[in-house]
Every structure is written in C-alpha cells, then in structure tokens.
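Protein chains in written order, with our numbering: chain A, 37 to 279; chain B, 37 to 279.
We put the beta carbon where it would ideally sit given N, CA and C, even for glycine.
Note that the structure is predicted; figures quoted are calculated from it, not measured.
Following: one structure in structure tokens, then a few remarks.
2 protein chains.
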Amino acid sequence: MTTCKSTPSGPLRDAAGVAKYRHEALAAVLQVRLVPDEQPRLCVLARQRRRDPYAGLWALPSGPVEVDESIEASVRRHLTDTVGVTALSHLEQLETLSTPGRDPFDRTIATAHLGLLPWTAEVDLPEHAAWHCIDDLPAMAFDHDGVVVRAVERMRAKLSYTNLGFALAPAEFTMAQLRDAYAAALGHEVSATNLQRVLKRRGQLEATGGVHAPGSAGGRPGTVFRFARAELEVTDPFATLRP
Amino acid sequence: MTTCKSTPSGPLRDAAGVAKYRHEALAAVLQVRLVPDEQPRLCVLARQRRRDPYAGLWALPSGPVEVDESIEASVRRHLTDTVGVTALSHLEQLETLSTPGRDPFDRTIATAHLGLLPWTAEVDLPEHAAWHCIDDLPAMAFDHDGVVVRAVERMRAKLSYTNLGFALAPAEFTMAQLRDAYAAALGHEVSATNLQRVLKRRGQLEATGGVHAPGSAGGRPGTVFRFARAELEVTDPFATLRP
DNA sequence: TCCGGTTTTCGCCTGCGAGTCGAAAACCTC
DNA sequence: GAGGTTTTCGACTCGCAGGCGAAAACCGGA
C-alpha cells in the first residue's frame, strides 16, 4: 500500500513522508564450551566479515527482518541459515541500537538478542564463523562489542534471580558439571554445595534417580539431576520492600 | 544513497531489495500523582486517538523516528512536542514490538520506553491527553496495554534492586512523603522504618539538615532527605552466587 | 503549664537465605 | 585393605530485610 516518494539521494520515505529504515535482527549466542583437560569457558559465536564496512572484523550473526515475520522469528531464521544454530535453549531481546552512523553505509536500526546453547550442543560452523572466548574477544564490527558485554551481563544477572541455568545445561547432569558451567558463565569460582542448596531451595532441581559413573581418577559417583522447568521464571525480583 | 525499487502495492524496499520499516518511538510515562485528601496513586500518561486505526481509544505518546536522531532522542522530542513533558527524571528502553499486523494500516516497528516523572512535576497537558491510574486503565490501542504492564513491572523491580527511587521524588523530601510514593508505585504498604534503613544502608539517602514543618494535625517534624545520586545504579544484581 | 493526640525516629529482636567449613560417604587403583 | 579422589550432607556464621515498641518532637486545648 505504501508508495515511494523518496529521491535517490535522500532517505527512503513513504507516501506520508515518514522515513523508513532497514531493520537488522542481531544475536549474541553464548555457550559454555568444554575443552578436554581444561576448565570450560564462556564463548560467543561470531562471523568474520568479508565485505565492507568493517571487512575482516568479527561481527555477530545478523540479517534483515522480513515483512511477514517478527524480529524474534527473524533472529531464529538467520541463525539457522547463516551459522547453523537451531537448538537454542533460550532467546530473549536485549536492546535496540539506533545511533545515526552506527552503520556507515546505511541508516539501519538493529535489535540485539541474547541466545544460549547448552554445553552439549554441537554446532556445525560454516566457514568464517568461530567461537570466541569472552575474556579474549577480537575487535568487533559496528557496536557489536557492546552488545556482547551487555549480553554477558544480562545472562549473569539472570543466573542469580531466575532459573536460567536450565539453558546452560542439557537435560541431565551432575552437580560437578553444573558447578563448572556456572563457574565459566559467571566468571568466578562456584561452590557446588551452595549451588545445590540454592537451586534446591528454589525448587529448580530434581534428582533423576540415576548416578553418573565416576571419572578415571575414581571418586564417589555423582547423582544425576535435571531442572524442574525449562521455561524462564523469576525467583524473586522484589527481593526487598516486599509486601 | 538508497534508491527506490518498490512497487506501489508492495512493501518499501531499497536498491538491494531489503525491506524498510517505519519505526515508532513509544513511551509509557509514569508518575506518582498526589490528590489532596487521598492516597497518591501511580498513573500513566496517554492520548486519546482522533484517527483510525483505533480512533477513540487511548494510546501512549509516540511518533516516527527521524533519520538524524537516535530512538531515545526521538522519544524525548515527541514527548515534548505532543504532551509537553520535558522534565523526565528517568528514561530507559523497554522492548521493541514487531509482530506483523500490530498496526493494521502499515507494517511498523516500535521501540517502547519507560519514562518517570517526580511527583512534583506538573505537566501542562494538551487536549486529548490525560493521566490514567494504573489500577483503572481504559482500553488501549495497538499493543500499548501490554507495554504499560511491563513498564510498571520494570519500575517495580528496579525500585528494589537499584536506586530508581530518585526518579519518583523531587530533590528534597521527608521519609513520610517517600514512603507514600513508594507505596503508590509498588502497589502495597511500605514501612517508613524499613525503607529508610534499606536506603541508608545502601548509601542512597542523605540528610540535608533541614526539617519539614509538621502538618495541621501536629506531630514531630520530619527531617529532610535527598538522594545521594541521581543516576541509575544497581545495588547488587548478583544477590546470589556471588564470588 | 500540663496533658492527650499525632507523627516521626530510633534501637532491639527475629528470621530467612547465602556462604563456609569439615566430616562422612562412595568410588577408584595399587 | 590402604591411600587417594570426588561427592554429599550437616552445622555454623553472617548480612540484611522486616516487625515491634519505646522515645522524641510537635500540635491544640484545658
């Protein structure tokens, strides 16, 4: 229904003279990645740009929103198409970036998202895509470095006041595994004792009944747990000044 | 630099065939409003629509983003121009709405914001604009009722784990006034004792030295306080599982 | 000036949940 | 069976929110 009145040199405008913008769906996909004989580390998925602007720099997976989809659907579509990510355990909106000049070639608006993968998910990465550890990030294109920082902040905050832990872990796990995953995600040591007590008190943790075989070094076998619910729920945002 | 290739019947697209969208800057402006001889109440600013779609229904203040401004600057501009709000004590981004069909006349994307005014701010409302109490909202246009709900949720959550209280109150106030404002904002009774102790422990509260004259019914005069800082700062988002 | 009524302020106590520590349990290899 | 390793559980401490009652500071009226 919209007709075009813009001149080739100016911004695109509709019949009423209102400016229109290209809208990018953008995602910082985080995963606790296990490396044999090392502590697991928190990483983010990025692609190396082939074209200007910022050719050669790393950028978060993104793509334009189509007319018949919501931004969230667009994020999922582009993640599947460009980096082969289909098994997100969590996806939420982070922020919308709109500073004029953030894309030197066009006036674009982008909505950034936080995506999470369980540590067991294996992604077949295409060429020019790679995982980068959070504490050793390369230079990134556009405003994407800020997006990664805020994605990690959001995930860390929600790990403490929601049951977001389910998105880091697979269906079943031992407390030792979960402790290591939390430690990698939060960036500091975590006590398995305290973690188990906190999650149990909140009713997020259930024992499956099974036990996990001990490692080669021996030791008591760990009981296998699962998260009671796989949807995000807030524990108590009104920690203070409650009724 | 973008040229127009769209046909009059299809969506607007640039030279590369990428769809472009009208982007709306949207704000839910909340204020604790004082009515003489009544408890103060939390209200939201809305305008009654004159044109279709949703003519006659109430809608949050909004307007299209211009090419040379960020979304946040656009929100401030439209709030000034359409409802005369210039003294926001706080403004933050809430969420971006993009469901196809959310605007039956056009494919638009809107970024919703949370705005706060101190209870002393008096706004000269134009015709067709009014304050609506949160617990007695009229039917709203588009997806704006959901925006109001999430704006209130966000504010209530941040009142407990940030110093957002500074945005509700004027520069100076007594604990009794602040208690009433918190009670209206949170929707439940608040103890002045506990409120003062919590805010003091966090270093958010300072005594100015002055005292407020007692009311007509007498009583001990209240000491005058101010917030130590007027920028948002998080108290402790990592309440649990800290290092 | 004294007294009841009102509002604010302060100190003490309680209770919940996070964090720490150490001992016991359960497994390995030698 | 002994020694080493890992997991699990209980007991304790501590910080902070929340509740209660007494004391402080003001009013108006007798």
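(message) Could you check whether the region 131–140 of chain B touches the region 155–173 of chain B, counting it as contact only if at least three pairs of C-beta atoms, one from each stretch, sit closer than 8 Å?
(response) Taking 8 Å as the limit for Cβ pairs, the verdict is that the region 155–173 of chain B does not touch the region 131–140 of chain B.
(message) Check whether chain B comes within 8 Å of L127(A), counting only Cβ atoms and requiring the distance to be less than that.
(response) Interface annotation, L127(A): not in contact with chain B, CB-CB separation never under 8 Å.
(message) Please classify G258(A) as buried or exposed, where buried requires at least 16 neighbouring CB atoms within 10 angstroms.
(response) The Cβ neighbour count for G258(A), taken over all protein chains shown within 10 Å, is at least 16; the residue is labelled buried.
(request) Can you tell me the Cβ-Cβ gap for E128(B) and A148(B), rounded? I've got them flagged as a contact below 8 Å. (result) Wrong, their Cβ atoms sit about 10 Å apart, outside the cutoff.
(request) With a 10 Å radius around its C-beta and 16 neighbouring C-beta atoms as the bar for buried, classify E158(A) as buried or exposed. (result) With fewer than 16 Cβ atoms within 10 Å of its Cβ, E158(A) is classed as exposed.
(request) Starting from the beta carbon of L195(B), find every residue of chain A whose beta carbon is closer than 8 Å, and list them in chain order. (result) When 8 Å is used as the limit between beta carbons, L195(B) is near these residues of chain A: L277, in chain order.
(message) Are the CB atoms of R77(A) and R83(A) within a distance shorter than 8 Å?
(response) Contact: no.
(message) Which runs of the beta strand (DSSP E) at least 3 residues long sit entirely within the region 43–117 of chain A? Give them in chain order.
(response) 56–69, 77–84, 98–100, all fully within the region 43–117 of chain A.
(request) Since I believe V184(B) is in contact with V80(B) (beta carbons under 8 Å), could you give me their beta-carbon distance rounded to a whole number of angstroms? (result) Contact flag correct, Cβ pair sits at about 5 Å.
(message) To the nearest angstrom, how far is the alpha carbon of L277(A) from that of A187(B)?
(response) Distance between the alpha carbons of L277(A) and A187(B): 18 Å.
(message) Taking 8 Å as the cut-off, does the region 55–71 of chain B touch the region 53–62 of chain A (at least 3 CB pairs, one atom from each stretch)?
(response) Touching, yes, given that three or more Cβ pairs across the two stretches are closer than 8 Å.
(message) On the criterion of 16 or more Cβ atoms from any shown chain inside 10 Å, does M37(A) qualify as buried, or is it exposed?
(response) Reliability fails at M37(A), whose pLDDT of 45 lies under 50, so the model's placement of it is uncertain and the value that follows must be treated cautiously. Exposed.
(message) Using 8 Å as the cut-off, can you tell me whether the region 264–273 of chain B makes contact with the region 208–227 of chain B, which would need three or more C-beta pairs spanning the two stretches below that distance?
(response) Touching, no.
(message) Less than 8 Å between the C-beta atoms of L62(A) and A177(A), yes or no?
(response) Contact: no.
(message) Can you tell me whether G224(B) is buried or exposed? The criterion is at least 16 other CB atoms within 10 Å of its CB, across all chains shown.
(response) Correcting the residue type first, residue 224(B) is His in the shown sequence and not Gly. Result: exposed.
(message) Beta-carbon within less than 7 Å of R262(A)'s beta-carbon, same chain only, minus the 5 sequence neighbours each way: which residues are those?
(response) Cβ neighbours of R262(A) beyond the five flanking positions: A207, E208, E242, T244.
(message) Closest to I145(A) by C-alpha separation, out of G151(B), S106(B), S125(B), would be which residue?
(response) Ranking the options by Cα distance to I145(A), first place goes to S106(B).
(message) For D160(A), count the other beta carbons within 10 Å of its own beta carbon; 16 or more makes it buried, fewer makes it exposed. Which is it?
(response) Exposed.
(request) Would you grab the beta carbon distance between R215(B) and V226(B) for me? Rounded to a whole angstrom, and I think it's under 8 Å. (result) That pair is a contact at about 5 Å.
(request) For the alpha helix (DSSP H) containing E189(B), list its first residue and its last residue. (result) Taken as a continuous stretch (DSSP letters only), the alpha helix (DSSP H) holding E189(B) covers 180–197.
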